[in-house]
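If you read the sequence shown in numbering that gives the first Met the number 0, its first letter stands for residue 0, the second for the next number, and so on. No residue lacks a Cβ here, since even glycine has one placed at the ideal position from N, Cα and C. Remember, it's a predicted structure, so these values are computed and weren't measured experimentally. Let me begin by presenting the structure, written as C-alpha cells, before commenting on it.
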Amino acid sequence: MHFRPCIDLHLGKVKQIIGSTLRDGALPQTNFESTLPPSHYSGLYRDDKLAGGHVIMLGKGNTAAAIDALRAYPGGLQVGGGITPENAGRFLDAGASHVIITSYVFSNGHIQWERLEHVVAVVGSSRLVLDLSCKRQGSDYFVVTDRWQNMTDVTLSEELFAKLGKYCDEFLIHAAHVEGMRAGIDEELVSLLAKCRVKPVTYAGGVRSFNDLECIRDAGNSEIDVTIGSALDMFGGTMEYRKVVEWFKTVK
Numbered sequence: 000m001h002f003r004p005c006i007d008l009h010l011g012k013v014k015q016i017i018g019s020t021l022r023d024g025a026l027p028q029t030n031f032e033s034t035l036p037p038s039h040y041s042g043l044y045r046d047d048k049l050a051g052g053h054v055i056m057l058g059k060g061n062t063a064a065a066i067d068a069l070r071a072y073p074g075g076l077q078v079g080g081g082i083t084p085e086n087a088g089r090f091l092d093a094g095a096s097h098v099i100i101t102s103y104v105f106s107n108g109h110i111q112w113e114r115l116e117h118v119v120a121v122v123g124s125s126r127l128v129l130d131l132s133c134k135r136q137g138s139d140y141f142v143v144t145d146r147w148q149n150m151t152d153v154t155l156s157e158e159l160f161a162k163l164g165k166y167c168d169e170f171l172i173h174a175a176h177v178e179g180m181r182a183g184i185d186e187e188l189v190s191l192l193a194k195c196r197v198k199p200v201t202y203a204g205g206v207r208s209f210n211d212l213e214c215i216r217d218a219g220n221s222e223i224d225v226t227i228g229s230a231l232d233m234f235g236g237t238m239e240y241r242k243v244v245e246w247f248k249t250v251k
C-alpha cells in the first residue's frame, strides 16, 4: 500500500474539484485552486520520493501545465486526460513514466479492443495505465469516460481485470461518485479491487481522514495504493501532508 500523490489540472491551474460536477459547457464545483505552478507540487513529491503519482488533465488547456509538472519530476509521475497514441509520445518525452488512458479505449460505451492493441503497440504495455474510473449503479460499478460524464456498459469484475491486465502495467480507479466530496471512501469498491487485483491498483475518491486510510488498508489487504486530493492541507483540507507521508511508512 503506497501513497500515490496527484496533481489535478483544470484550465491550466492546479485544482481540486467535485468529480460529479464535471460537465461540458459549465464550470465544475471547485474545492480548491492553487496559485502555485504544477511544478511546485511535483517537486515536493520528488523530494519526498513519492513515485507513481498522477497528473490528470481535466479538459483542454492543460498541456503546458502538465509538461511543467512532468519536467520537474522526470520518471516519477504518470499523466492522463485526453491521451491518445498520437500525443502520448509528447508526454513520455517530457518525463512521464506512464500514460493513463480511458476514453480512447472505452469509446461509444464499449471497449474498443483494436484501439487498445494500437495503444500498446505505440506506447508499450509497461508504460500504460488503464483508468477504470467508475460510478456505482445498484450493486455494480460501471466504467465512466470523458471526464466521468459518460457511462459505459463495462462493469468492474475479476474477469475484466484479468483480460485487461495483459495490456497494461497498472490500473487507476477513481470512485467518481465520491470524488472530491470529502465524504468518505467507497469501502465496497476497495474490497472489490483487492479481490480483482492482478496488477498494481490505485484507488482515488473520498479520502477525508486517517480512519479512511485504515479502512482502505484493511479492506484492501494492504495491497491497494491510494490517492488523496482535496483532504490534504496543501489542497485546502485538514489532513497534514507531512503526517500522511509518515503514516504510509508504517503500513506493512
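Beta-carbon contacts of residue i that lie in its chain and below 6 Å, excluding the five residues immediately before and after
{"i": "LEU10", "result": "GLY60"}
{"i": "ILE66", "result": "ALA93"}
{"i": "GLY164", "result": "VAL197, LYS198"}
Nonlocal neighbours in the same chain, by C-beta distance under 8 Å from residue i, ignoring five residues either side
{"i": "MET0", "result": "ILE215, ARG216, GLY219, SER221, GLU222, ILE223, ASP224, VAL225, PHE247, VAL250"}
{"i": "LEU191", "result": "TYR140, LEU155"}
{"i": "GLU116", "result": "TYR166"}
{"i": "VAL121", "result": "PRO84, ALA87, GLY88"}
{"i": "SER38", "result": "ASP67, ALA68, ARG70, ALA71"}
{"i": "ARG45", "result": "ALA71, TYR72, GLY75"}
8 Å contact criterion, which residue i and residue j should meet: CB distance rounded
{"i": "SER124", "j": "TYR166", "result": "6 Å"}
{"i": "THR144", "j": "THR101", "result": "5 Å"}
{"i": "VAL54", "j": "LEU69", "result": "7 Å"}
{"i": "GLY108", "j": "LEU76", "result": "Actually they are not in contact, since the Cβ atoms of GLY108 and LEU76 sit about 30 Å apart, beyond 8 Å."}
{"i": "ILE6", "j": "SER41", "result": "6 Å"}
{"i": "LYS48", "j": "GLU32", "result": "No, LYS48 and GLU32 are not in contact; Cβ-Cβ is about 27 Å, not under 8 Å."}
{"i": "HIS168", "j": "VAL128", "result": "According to the sequence as given, residue 168 is Asp; it is not His. Sure, about 6 Å apart at Cβ, within 8 Å."}
{"i": "MET272", "j": "SER208", "result": "Lying before the first or after the last residue shown, residue 272 is absent from the chain, which here runs from 0 to 251."}
{"i": "ALA174", "j": "CYS133", "result": "7 Å"}
{"i": "ARG146", "j": "GLY74", "result": "Actually they are not in contact, since the Cβ atoms of ARG146 and GLY74 sit about 27 Å apart, beyond 8 Å."}
Buried or exposed by the 16-neighbour rule on C-beta atoms within 10 Å, applied to residue i
{"i": "GLN15", "result": "buried"}
{"i": "ALA161", "result": "exposed"}
{"i": "HIS176", "result": "buried"}
{"i": "LEU8", "result": "buried"}
{"i": "TRP112", "result": "exposed"}
{"i": "ALA63", "result": "exposed"}
{"i": "ASP211", "result": "buried"}
{"i": "GLY35", "result": "With the sequence shown as reference, residue 35 is identified as Leu, and Gly is not the correct amino acid for it. By the 10 Å Cβ count, LEU35 comes out exposed."}
{"i": "GLY79", "result": "buried"}
{"i": "SER138", "result": "exposed"}
{"i": "ALA203", "result": "buried"}
{"i": "GLY228", "result": "buried"}
{"i": "LYS242", "result": "exposed"}
{"i": "GLY236", "result": "buried"}
Per DSSP, the bridge partner or partners of residue i
{"i": "THR226", "result": "ALA203"}
{"i": "LEU76", "result": "GLY52"}
{"i": "PHE234", "result": "BP columns for PHE234 are empty, so no partner."}
{"i": "ASP130", "result": "LEU171"}
{"i": "CYS5", "result": "HIS53"}
{"i": "MET150", "result": "VAL143"}
{"i": "GLU32", "result": "LYS14"}
{"i": "VAL98", "result": "VAL78, LEU127"}
Nonlocal neighbours in the same chain, by C-beta distance under 7 Å from residue i, ignoring five residues either side
{"i": "PHE105", "result": "VAL142, THR144, THR151, VAL153"}
{"i": "ARG114", "result": "TYR103, VAL104, SER106"}
{"i": "ASP130", "result": "GLY79, ILE99, ILE100, THR101, LEU171"}
{"i": "VAL206", "result": "ILE184, LEU212, VAL225, ILE227, ALA230"}
{"i": "GLU157", "result": "LYS194, CYS195"}
{"i": "ILE110", "result": "VAL104, VAL153"}
{"i": "ARG3", "result": "GLY51, GLY52, HIS53, THR201, ASP224, VAL225, THR226"}
Assigned secondary structure, residue i (DSSP; H/G/I helix, E/B strand, else coil)
{"i": "ASP139", "result": "strand"}
{"i": "VAL122", "result": "helix"}
{"i": "GLU85", "result": "coil"}
{"i": "SER38", "result": "helix"}
{"i": "HIS176", "result": "coil"}
{"i": "SER106", "result": "strand"}
{"i": "ASP46", "result": "helix"}
{"i": "SER190", "result": "helix"}
{"i": "VAL244", "result": "helix"}
{"i": "ALA65", "result": "helix"}
{"i": "ARG196", "result": "coil"}
{"i": "ILE215", "result": "helix"}
{"i": "ALA93", "result": "coil"}
{"i": "LEU155", "result": "coil"}
{"i": "LYS162", "result": "helix"}
Residue i Cβ short of 6 Å to the ligand FMN heavy atom set
{"i": "TYR202", "result": "Among the ligands in the structure shown, none appear at all, so the ligand FMN cannot be discussed."}
Min CB distance residue i to chain C below 7 Å
{"i": "ASP47", "result": "Of the protein chains in this structure there is only one, and it is not chain C."}
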